[in-house]
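Keeping their order, the protein sequence lines are chains A and B.
Just so you know, we're using the working numbering here: the first sequence kicks off at 3 and counts up by one.
Just so you know, we're using the working numbering here: the second sequence kicks off at 3 and counts up by one.
There are 2 protein chains.
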Amino acid sequence: MRCVLFLDTKVSASVRVNALEQNQSMFLWLTVIYSATLFLSQGLTMNTATSDEGMWLFNDLPRERLLDAYGFDPSQEWIDHLSRSSVRFNSGGSASFISPTGLVLTNHHVGADTLAKLSTEEHNLLENGFLARTHADELKAPDLELNQLLSLEDVTDLVQKKIHASMTPTEALAARRETIAQIEKQSLDATGLRSNVITLYGGARYHLYRFRKYTDVRLVWAPESAIAFFGGDADNFEYPRFCLDACIFRVWESGKPAQVNDFLTWSSDDAADGELVFVSGNPGRTNRIYTAAALKQMRDVQMPYTINNLRRQEILLQQFSLRSVESARRARDDLFGVQNSRKARFGMLAGLQDPQLLKAKQESETDLLEKLAADEKYASLVPAWHSVAESAARRTLLQGKGVGLSSRLFGIAHWIVQMVQEDQKPSGSRLPEFADAGRESMLLQLYSEAPIHADLDEVLLGDSIAKMVELRGGDDPLCQNILGEMSPGERASTLITGTTLGDVAVRRKLVASGLDGINASKDPLIEFALLVDPEIRRFRTLFDELDEQDKQAYAHIAKGIFAIRGTSTYPDATFSLRLAYGTVASYEQDGKTIPAWTTFEGILEHERIHADQPHYTLPESWKKAFSNLHGSTPFNFVCTADIIGGNSGSPVVNRKGQLVGLIFDGNIQSLTSNVLYSSRQARAVAVASRGLLEALSVVYKADHIVQEMQVAAPEAAR
Amino acid sequence: MRCVLFLDTKVSASVRVNALEQNQSMFLWLTVIYSATLFLSQGLTMNTATSDEGMWLFNDLPRERLLDAYGFDPSQEWIDHLSRSSVRFNSGGSASFISPTGLVLTNHHVGADTLAKLSTEEHNLLENGFLARTHADELKAPDLELNQLLSLEDVTDLVQKKIHASMTPTEALAARRETIAQIEKQSLDATGLRSNVITLYGGARYHLYRFRKYTDVRLVWAPESAIAFFGGDADNFEYPRFCLDACIFRVWESGKPAQVNDFLTWSSDDAADGELVFVSGNPGRTNRIYTAAALKQMRDVQMPYTINNLRRQEILLQQFSLRSVESARRARDDLFGVQNSRKARFGMLAGLQDPQLLKAKQESETDLLEKLAADEKYASLVPAWHSVAESAARRTLLQGKGVGLSSRLFGIAHWIVQMVQEDQKPSGSRLPEFADAGRESMLLQLYSEAPIHADLDEVLLGDSIAKMVELRGGDDPLCQNILGEMSPGERASTLITGTTLGDVAVRRKLVASGLDGINASKDPLIEFALLVDPEIRRFRTLFDELDEQDKQAYAHIAKGIFAIRGTSTYPDATFSLRLAYGTVASYEQDGKTIPAWTTFEGILEHERIHADQPHYTLPESWKKAFSNLHGSTPFNFVCTADIIGGNSGSPVVNRKGQLVGLIFDGNIQSLTSNVLYSSRQARAVAVASRGLLEALSVVYKADHIVQEMQVAAPEAAR
């Protein structure tokens, strides 16, 4: 499921760059081996302590387990090199440097957002691919930011010392925000690096991450959708698979290809069956620490609500796509993202609805609580579970009642309004996404020249106003204020037709005009944003306070788990850099062994079986070149590494730290890994490095790229 | 919108034949000119008394209005002939007799259900069409029942005399059911005709309808989907249109083509622009009498819930279709129905969300209530509006909380269980669908040999169990009972894999085994039906009592409206025979005139504009024959007649009672006509008779069919 791997933050279609960081503070909790006591429904396999579970912090790797299970003890140099060769895409994926001159390897579906933005009606790069023959041909992405993690530092004490038990959630929230904003700003000023304080272990730990930021990112190569997504939505989540889900960018600095010191080289050999491999990337979000009450709220309320929404957007985008070929092109990337998310959430919900999963969780929790309650050192931690249950109940009451408007232009309008308002306050008192430290990254998005299709945006806005009317009821005063005498569709039409925010110069001018300028603006979308902003803020505060309540509770819960179950832990995913490990391994499904590998020659058979179905036709370039490919070259493979959405584009390396693959998906059995990992059937799916190199060389005649990379053995690239 | 025209009762995928009649008593209310005081949002056009509004009872036609507006005064013979030439499809559409030897003309999409049932993996009639060259070639539909209305009789006094003001809703419901069952049974015994008491004017009137029933119905001709649904979902709801949405069946009796005395002949001329035309058919359901409170409940609760469900089924069926070409074939008819319904409901909801529509309704209602309250003769009617509001509020609390399981095999299991249980009671005390009078029609469905695709059924059942878990919550005791240790998908798999109800002989045997047999059955679906039936019955009772409460309230409301606004009325649609009228008329859209007609030559241009888009490719038969067609022959046309879902397949006739067209759709502007009619932009869309005849003759070489029909002028059929 690319869906699980590709962070679906952009689904909101609002342009909040900082959504990732926001989500971190809002939803991401501590993970511990705790979840290893859960059973998998299908086989009752218990994860053992030696399983390949875990998305580990680079500064806290499970050295003992690696040594015990695999006899592997990575050097600090190995660790630092892999970490610095890893890259995060702000659009929601992972990647790696693969040449000294700044080439970056990621998935086609991670690059798709940029491919769509660089496409026009005449040149559909997302569909037809792209290859730059020279540096001058490389196409600059309008708003891509790549982050390379340079350092991390534990700032827990700094963050926590301002928080006192006597504070209300509101006070604690404000104090924490102010401290974090200060730390980030000081770090930025001191180092010039993008600086983010990341909440780990649900609030028990705070780390300051410093990133080198690349904002001049150019497209070098992308294959056709037909091979990147061979098998389409039918094969998505399935394995075996035949996808060249890869593309290559380059980071530039000062008008030249950037020089990078750390980059991955390619292994001359395929990874062998059973071989230990590592995945270095940015898993987005897991909920393995969630209490049973929180999981039930997710099962009964949050997940069904989210999936309904995704279905709604999917149908809407499909309908829009039917208007014309050009409409379909405009909606393609959004539609792909929505379908991907829908499928991933569907898998998560299916897991939560499996009675055995929750039963095991509940039993494990009951056991833990009994032990805590029986020990006077820890009995005070027990109320934390009640606190989570109470906040879950309050979340249920709020679900869907807020203001959720899917429109890029509205997102821009609202962003401008909030930014100008927040800028009246000192940095530490603002909503965190408007603090000084993140300003540059934010403006990159706000002033992006990426095309916004007004027709699509109008449809999205109209539908989301209609949805708001559905959820709040047509008699709701805010809805009535929004609509006046118009239907949702008519209102959206007047707003999108009337706004001039499509023009970046207008955005800059509005921001410069300050609060008076905004309040006096006659732009209908700015007026509209001013109308709905108080309600958006009201809900934001309600949720922020629930998050704060949970943060405090999960800090206690983590303490309780450490106390009873030990401290060998990794934190829940936070879209920050982690190392996962596992082995290349086949698995059993319905009594059949699914081999770990597919090869080029398997494509033709797969195409034949699915003749007459859409998305099973090789692009022309492959048909032409196929006879020159080696049929036995590995194309895709699977391993047991513990990954999730956000890991898309992560490099897979061997013990030598050499590239053997490129993560792009997980199989359908891995879908419950947001709450539970199992190595029995769940697999991460990767493009094999040899298949990728051979395709680059033979199909795309891109030997200049292959040569630029330091390929270990020339015969691999032929 | 075929969706509006094609009754979407089969969406439930349960096999309740009597759903139509059930719905009649449950949801269909009186319509009066009342709604003519509403405004249409887009143009504030007020419907005048001379507008073409109305779905009129054949025994209560608006003779004065026809005479005033069009100088037309139909003879009783004209009326009787048209009425007897009209046919109702139990699968949810309308039709007409078109030859003395039983040929029946309806829409391809009305026949689609049967086309799908007659198809196999090798012979896809739904996709590729069909033509019987001889009587022996005609294909018997497995479970189609056609009804020809022979008489109607006012039985209001009989039905009402057992109901007293002192009764509780439960008592009134039981008394009414018993009386109706008696009337129907007596009529059946006396005449041998299918006899249904239909609730009209929301409970103010009860009519006994007697139908001749045809259950040996054979397929004679169907075109390819590609031309029946040319333009696909993109063009659906739009006009102009180029669809040959027609197919032809034949009714048989005693192993021979049936002799019918009343059938329509074909006009030699096209209807002219502005010409008066009539539509005789079975509109399914309108809600024009609904109070503002009921409409708001529809707007905020019922309609959003229904549409979410349809989106859910649409995505599910799409996903299933991706499995293989054969899977797509199996899901095609369901998917079409779901998409159609989703679009129709979407239009209805959009209308309800238009503030002007509800404002006008509210103002009109306030005015009416003030006048009633001021008159002591009528003041006692006012509480009826409160009663509807109160029942609407209770409906909201129940929405989605019941047991809704979409599976044909489950539907059969549950049907058997309920039938055997109900058969322990006297006919008049049973749930109405199990009363004696309707038994034969019911058994036709229950014992249908139509194929049931277990793989699709399993997916539908699994998803609907999952939905139930979502809506009731995973901790709900019934859900926990259903699931045991299994996930929804696993439970569905064991149920569908384990049942033998796919075999009709098993069904017969189970029914014959009686209550003891059912209770002892080890068929997992029968056990499952027994498990969930008590909760289904609990909700059924709750809704039946709310319906009874509404029935009594709307009878008062109708009285109030008659008192203040006069009595020139037609009842809300009840899937019973009605006559609508109007003129062939172009309309304005976005400042452009949309002509009333399309022609054959327009197809090619339409195909050209939409090249590269799916569903805009003519089938081979048309490509081959196109040069022999007359480019100027009318293909589709629109008129102002007041139609809605269920009218699909209705004949359009001229003053002479001759066929000029075949209704198959309404344009997008007609979507709000469930609550409001306007002749400004709303149009019914029809296949022109000349286009149909020419296609039959030239494209399909079906001159034997054309000759069998009594075509008025030979040149029309060439």
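Note that the Cβ used here is the ideal one computed from N, Cα and C, for glycine as well.
Local Cβ density within 10 Å of residue i, reported as buried at 16 or more and exposed below that
i	result
Arg65 (chain A)	exposed
Pro636 (chain A)	buried
Gly95 (chain B)	buried
Val34 (chain B)	Residue placement at Val34 (chain B) is poorly supported in this model, since its pLDDT is 31, which falls under 50; the coordinates still yield a value, given next. Answer is buried; the Cβ neighbour count reaches 16.
Asn61 (chain A)	exposed
Ile611 (chain B)	exposed
Asn238 (chain A)	buried
Lys703 (chain A)	exposed
Pro573 (chain B)	buried
Residues bridged to residue i (per DSSP)
i	result
Val279 (chain B)	B:Gly584
Val155 (chain B)	One detail in the question is off: residue 155 (chain B) reads as Glu in this sequence, not Val. According to DSSP, which records beta bridges pairwise, Glu155 (chain B) is partnered with B:Leu210.
Arg135 (chain B)	The partner list for Arg135 (chain B) (beta bridge, DSSP) is empty, contrary to what the question assumes.
Gly481 (chain B)	Note that residue 481 (chain B) is Cys in the sequence shown, not Gly. DSSP, once it has assigned bridges, lists no residue as partnering Cys481 (chain B).
Arg196 (chain B)	B:Phe213
Trp254 (chain B)	B:Asp218, B:Pro259
Tyr556 (chain A)	Paired residues: none, contrary to the question.
Asp667 (chain A)	A:Val687
Lys594 (chain B)	B:Gln591
Asn638 (chain A)	A:Val689
Trp417 (chain B)	In the DSSP output, where bridge partners are listed per residue, Trp417 (chain B) has none listed.
Amino acids of chain B, ordered along the chain, whose beta-carbon sits closer than 9 angstroms to that of residue i
i	result
Lys363 (chain A)	Within chain B, no residue comes near Lys363 (chain A); the closest Cβ sits about 12 angstroms away, beyond 9 angstroms.
Lys298 (chain A)	Gly475, Gly476, Asp477
Chain-ordered chain A contacts of residue i [CB-CB under 8 angstroms]
i	result
Asp667 (chain B)	Neighbours of Asp667 (chain B) on chain A: none; closest Cβ ~16 angstroms, over 8 angstroms.
Arg90 (chain B)	Going along chain A, no residue has its Cβ under 8 angstroms from Arg90 (chain B), so there is no contact; the nearest lies around 32 angstroms.
Ala1 (chain B)	For chain B, the structure presents residues 3 to 720; residue 1 (chain B) sits outside this window and is missing.
Ala468 (chain B)	Leu351, Ala352, Gln355
DSSP three-state assignment for residue i, whether helix, strand or coil
i	result
Gln150 (chain A)	strand
Asn109 (chain B)	coil
Glu607 (chain A)	helix
Pro171 (chain A)	helix
Gly286 (chain A)	coil
Phe265 (chain B)	coil
Ala494 (chain A)	helix
Ser96 (chain B)	strand
Phe91 (chain B)	strand
Thr601 (chain B)	strand
Lys658 (chain A)	coil
beta-carbon residue i near the ligand MG non-hydrogen atom, thresh 6 angstroms
i	result
Leu463 (chain A)	Inclusion of the ligand MG in the displayed structure is not the case, the ligand content being empty and no account of it being possible.
Residue i: contacting residues in chain A (beta-carbon distance under 7 angstroms)
i	result
Glu487 (chain B)	Pro357, Gln358
Pro306 (chain B)	Glu472
Arg301 (chain B)	Gly476
Listed by chain order, chain B residues near residue i by CB distance under 7 angstroms
i	result
Gly491 (chain A)	Ala352
Asp614 (chain A)	Val327
Nearest-angstrom Cβ-Cβ length linking residue i and residue j, presumed shorter than 8 angstroms
i	j	result
Ala587 (chain B)	Val281 (chain B)	Not confirmed; about 14 angstroms, so no contact.
Ala394 (chain B)	Ala295 (chain B)	5 angstroms
Asn109 (chain A)	Ala248 (chain A)	6 angstroms
Gln420 (chain B)	Leu517 (chain B)	11 angstroms between Cβ atoms; not a contact.
Within chain B, the residues that residue i reaches when beta carbons sit closer than 8 angstroms
i	result
Ile317 (chain A)	Arg313, Glu316, Ile317, Arg344
Leu324 (chain A)	Gly234, Asp235, Ala236, Gln615
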